[in-house]
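Engineer: Here it is, the structure, as structure tokens.
Chains as they are written, first to last, in UniProt numbering: chain S, 1 to 365; chain U, 1 to 368.
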């Protein structure tokens with residue numbers, strides 16, 4: 001076992017590290033059939049709906065699954081023994097949070113989206129949570145707000161579900177009032193709203209249309225995070241739901257400080273438009289928002305990274321995550337280069353525990 | 001670079017020893033009739049009868065209403081009537097003379113026909129706006145420089161408009177809006193890059209415009225404050241597109257200026273593109289260098305609205321990461337969020353670097 005606390009030839013082993021972004025891969029629609037009711041099982045079979053894959057993560061792209069984590073035919077790791085061998089055991093994690101990316105956001109039918117989300121969540125519970133007590137999971141939320149609230153209510157009693165999960169590019173911005181019942185349900189149960197990279201593909205990946213290359217497309221996720229956060233802030237979600245936490249997963253991180261400068265300045269100029277935002281946006285966002293550290297879009301030198309952290313003005317916002325099995329680093333270099341050793345206990349243990357009330361409870365449901 | 005003779009003006013910063021050049025001034029017609037002499041009868045009929053139609057549904061008014069009438073300073077309405085920046089003597093008084101500008105770059109916004117749903121109207125109006133800039137402004141005031149307004153959704157027509165004015169020193173750049181209907185690296189826009197590079201003109205990409213797509217990649221926001229925020233994301237998409245499509249590999253002398261798009265985001269975008277490119281190089285073999293290298297070499301930024309970190313000195317890191325020689329002063333006159341050169345460029349920036357931002361960088365870029 002190589003502890004992340006032992007990297008770079010030094011440091012003490014950090015106990016109780018928590019990996020905040022792991023992706024259990026659904027190997028295909030067939031795997032979900034046992035978790036569907038008769039109507040949906042028949043529908044999927046009779047209509048030949050055997051695959052559902054999002055363009056957000058092309059299966060063969062080198063970034064989607066790290067080469068040494070692929071199966072014999074190049075497939076993504078899809079069973080709990082893989083996350084144990086490749087991540088949890090390897091890096092000594094005390095807990096790991098599963099964020100399923102099976103694209104339930106893609107179907108235009110709300111009913112289909114909801115049926116698939118229910119099946120994925122039940123599959124995660126049976127095939128992953130039941131098999132390793134270290135695992136926790138996000139409730140994958142379907143497109144429809146009513147169905148999303150119902151799914152939160154259905155699964156919240158099981159405290160192994162620790163957050164609700166949506167994508168950074170949806171149909172309408174996440175702060176819009178249509179979404180508020182979801183925010184209310186999450187807040188009521190002490191569940192953060194996790195926003196992950198990816199698109200429901202209701203809009204092009206940029207506000208100026210379709211790029212040609214996956215490099216641009218992947219990079220444009222950070223634009224979705226910026227827009228989502230601006231929407232949550234300006235619509236007043238954090239005032240309306242003062243206990244709601246938001247976790248940005250796979251966001252890239254380094255865009256945040258200058259985003260806060262701009263948003264705070266714009267707010268100073270036109271805050272009459274959003275009078276319910278009654279203190280500087282940067283302060284509100286530092287109170288409510290957390291970010292996983294992979295990818296960490298910064299140079300590798302400690303000086304630049306320390307200046308960037310200084311710009312962030314908080315040591316409480318970052319959460320350790322490997323983003324397994326996505327490829328962001330080689331071998332065991334789970335911690336982004338340049339992050340100071342002294343910050344690691346916070347990022348790897350304290351901040352995740354502070355973010356997720358249910359991680360402080362211990363034990364399973 | 002030679003020092004310039006200091007111009008005595010009440011608003012001129014003492015540190016502007018290499019000149020004071022404002023890269024973002026917005027002249028406006030008193031009414032559409034000012035374009036009439038530069039349009040054919042048929043073009044005028046089309047404009048007067050069916051009007052301008054940007055890629056949104058507001059025939060009058062704005063999708064996101066501005067913070068002030070016409071988004072302008074309340075003291076910028078000329079005493080003789082007309083909208084702000086429609087009156088040369090008042091603009092000379094309130095801006096050029098007040099701050100002692102050596103040069104000011106005109107960036108006409110709507111009504112300019114840019115991004116119109118009708119390409120023919122866009123082509124006709126762009127030509128008219130260019131003639132109008134000379135006839136109403138530049139030919140009467142040598143401190144002002146014009147921008148070649150192009151009908152950017154039609155690459156070939158845009159290239160023709162650029163070539164029409166190439167070599168005419170009254171024009172100092174080509175002007176695009178930041179929200180085009182496809183990302184600017186795509187082939188339909190290559191004739192613009194080719195013609196600009198051939199003419200030796202930088203291309204200014206000014207915030208605003210309407211792409212016809214939602215203003216975020218996750219749908220339409222609600223507020224003007226979000227529209228303002230999203231200028232940064234639209235510009236990030238444009239820079240990404242230009243870099244990843246290999247525009248700077250194809251047109252190695254091309255320079256672009258991001259005007260009013262903010263600049264704090266530029267370093268992190270460069271790092272993000274570098275990291276993504278490192279993993280996905282196989283997809284884009286046409287890129288010979290890391291994205292950040294193209295950006296450092298080809299991308300300039302204007303200052304307004306100046307970034308205001310909570311701890312002001314953080315601005316120094318950002319400016320250093322972008323490159324001190326890549327930053328150009330802009331006021332955005334006559335808009336409500338105008339930056340006064342004395343106040344907007346903080347005095348903790350070392351004096352020689354302030355001098356470069358005020359004028360030295362722009363003189364070198366534009367060849368003034």
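Backbone N, C-alpha and C define an ideal beta-carbon position, used for all residues, glycine too. Every value quoted in this text rests on a predicted model; they were computed, and no experiment measured them.
1. From residue 29(U) to residue 147(U), what does the alpha carbon distance come to, in whole angstroms?
2. Residues of chain U with CB under 9 Å from residue 226(S), in chain order?
3. Residue 149(S) and residue 179(S) look like a contact to me (Cβ under 8 Å); what is the Cβ gap, rounded to whole Å?
4. Note down, in chain order, every chain S residue with its Cβ under 8 Å from the Cβ of residue 181(U).
5. Does any C-beta atom of chain U lie closer than 9 Å to the C-beta of residue 273(S)?
6. Would residue 307(S) pass as an interface residue toward chain U - the criterion being a Cβ-Cβ separation below 9 Å?
7. Indicate whether at least one CB of chain U lies closer than 9 Å to the CB of residue 264(S).
8. Is the region 12–32 of chain U touching the region 345–359 of chain S, taking contact as three or more C-beta pairs under 8 Å?
9. Taking DSSP's pairing of strands, which residues face residue 136(S) in a bridge?
10. Would you identify the three-state DSSP class for residue 206(U), choosing helix, strand or coil?
11. Between which two residues does the alpha helix (DSSP H) holding residue 248(U) run?
12. Just to confirm before moving on: does the CB-CB distance between residue 144(U) and residue 96(U) stay below 9 Å?
13. Does DSSP classify residue 52(S) as helix, strand or coil?
14. Counting only Cβ-Cβ distances shorter than 7 Å, please list the residues of the region 247–275 of chain U near chain S, keeping chain order.
15. Is the CB of residue 222(U) under 9 Å away from at least one CB in chain S?
16. Using a 10 Å radius around the Cβ and a threshold of 16 neighbouring Cβ atoms, would you call residue 214(S) buried or exposed?
17. Do you know how far the Cα of residue 366(U) is from the Cα of residue 138(U)?
18. Helix, strand or coil for residue 145(U) per DSSP?
19. Counting only beta-carbon atoms, is residue 347(U) nearer than 9 Å to chain S?
20. Go ahead and label residue 203(S) buried or exposed: buried means 16 or more other beta carbons lie within 10 angstroms of its beta carbon, across all protein chains shown.
21. Buried or exposed, going by whether 16 or more other CB atoms sit within 10 Å of the CB of residue 1(S)?
22. Determine, for residue 280(U), whether the minimum Cβ-Cβ distance to residues of chain S falls below 9 Å.
23. Compute the beta-carbon to beta-carbon distance between residue 194(U) and residue 251(U), rounded to the nearest angstrom, for a pair I have assumed lies under 8 Å.
24. Run through DSSP, which three-state label would residue 269(U) get?
25. In the region 179–227 of chain U, which residue ranges form an unbroken alpha helix (DSSP H) of at least 4 residues, counting only runs that do not cross its ends?
26. Once the 5 residues before and after residue 6(S) are set aside, which same chain residues still bring their CB inside 7 Å of it?
27. Taking the alpha-carbon positions, what's the residue 424(U) to residue 55(S) distance?
28. Please say whether residue 8(U) and residue 354(U) have beta carbons closer to each other than 9 Å?
29. Could you tell me whether the Cβ atoms of residue 143(S) and residue 192(S) are closer together than 9 Å?
30. Measure the alpha-carbon distance for residue 286(U) versus residue 18(S) and round it to whole angstroms.
31. Compare the C-beta of residue 353(U) against all C-beta atoms of chain S and say whether one is closer than 9 Å.
32. Answer with buried or exposed for residue 39(S), where buried requires no fewer than 16 other C-beta atoms within 10 angstroms of its C-beta.
33. Taking the beta carbon of residue 365(S) as the centre, do at least 16 other beta carbons fall within 10 Å, making it buried, or is it exposed?
34. In three-state terms, what does DSSP make of residue 239(S)?
35. Apart from the five residues just before and just after residue 41(S), which ones in its own chain have a Cβ nearer than 6 Å to its Cβ?
36. With 16 as the cutoff for other CB atoms within 10 Å, does residue 185(S) come out buried or exposed?
Structural biologist: Per the coordinate set shown:
1. Answer to the nearest angstrom: the Cα atoms are 15 Å apart.
2. Those are 216, 229, 230, 232, 233, 236, 265, listed as they occur along chain U.
3. Rounded, the Cβ-Cβ distance is 10 Å, inconsistent with contact.
4. Ordered by position in chain S, the residues that pass the 8 Å Cβ test against residue 181(U) are 208, 209.
5. Yes, because at least one Cβ of chain U sits closer than 9 Å to the Cβ of residue 273(S).
6. It does; some Cβ of chain U falls within 9 Å.
7. Residue 264(S) counts as touching chain U.
8. The region 12–32 of chain U vs the region 345–359 of chain S: no contact.
9. According to DSSP, residue 136(S) bridges with 97(S).
10. Three-state result, residue 206(U): strand.
11. Per DSSP, residue 248(U) belongs to the alpha helix (DSSP H) from 247–250.
12. The beta carbons of residue 144(U) and residue 96(U) sit closer together than 9 Å.
13. Note: residue 52(S) maps to coil in three-state DSSP.
14. Residues passing the 7 Å Cβ filter: 262, 264, 265, 268, 271, 272, 273, 275.
15. Yes, its Cβ sits closer than 9 Å to a Cβ of chain S.
16. Answer is buried; the Cβ neighbour count reaches 16.
17. Residue 138(U) and residue 366(U) have their alpha carbons spaced roughly 16 Å apart.
18. Secondary structure at residue 145(U): strand, using DSSP grouped into helix, strand and coil.
19. Not a single CB atom of chain S sits nearer than 9 Å to the CB of residue 347(U).
20. By the C-beta density criterion, residue 203(S) is buried, having at least 16 other C-beta atoms within 10 angstroms.
21. Low local confidence applies: a pLDDT of 49 at residue 1(S) is under 50, so the model's placement there is unreliable, with the coordinate-based value given in what follows. It is exposed - the Cβ of residue 1(S) has fewer than 16 other Cβ atoms within 10 Å.
22. The C-beta of residue 280(U) comes closer than 9 Å to at least one C-beta of chain S.
23. Confirmed, Cβ separation roughly 6 Å.
24. In this structure, residue 269(U) counts as helix in the three-state DSSP scheme.
25. Runs of the alpha helix (DSSP H) inside the region 179–227 of chain U: 190–199.
26. In this prediction, residue 6(S) scores a pLDDT of 49, lower than 50, which makes its location untrustworthy; the coordinate-derived value is nonetheless stated afterwards. Cβ-Cβ distances below 7 Å link residue 6(S) to 13 in the same chain, with the five nearest sequence neighbours on each side left out; the list follows chain order.
27. As displayed, chain U neither begins before 1 nor continues past 368, which places residue 424(U) out of reach and without an answer.
28. Contact: no.
29. For residue 143(S) and residue 192(S), no; Cβs fall outside 9 Å.
30. Residue 286(U) and residue 18(S): Cα-Cα distance of roughly 40 Å.
31. Taking a beta-carbon distance threshold of 9 Å, residue 353(U) does not count as an interface residue toward chain S.
32. Counting every other CB atom within 10 Å of its CB across the protein chains shown gives residue 39(S) a total below 16, marking it as exposed.
33. With a pLDDT of only 40 at residue 365(S), under the threshold of 50, the placement of this residue in the model should not be trusted, and no figure is reported.
34. Of the three classes helix, strand and coil, the one that applies to residue 239(S) here is helix, per DSSP.
35. Hits under 6 Å: 33.
36. Buried.
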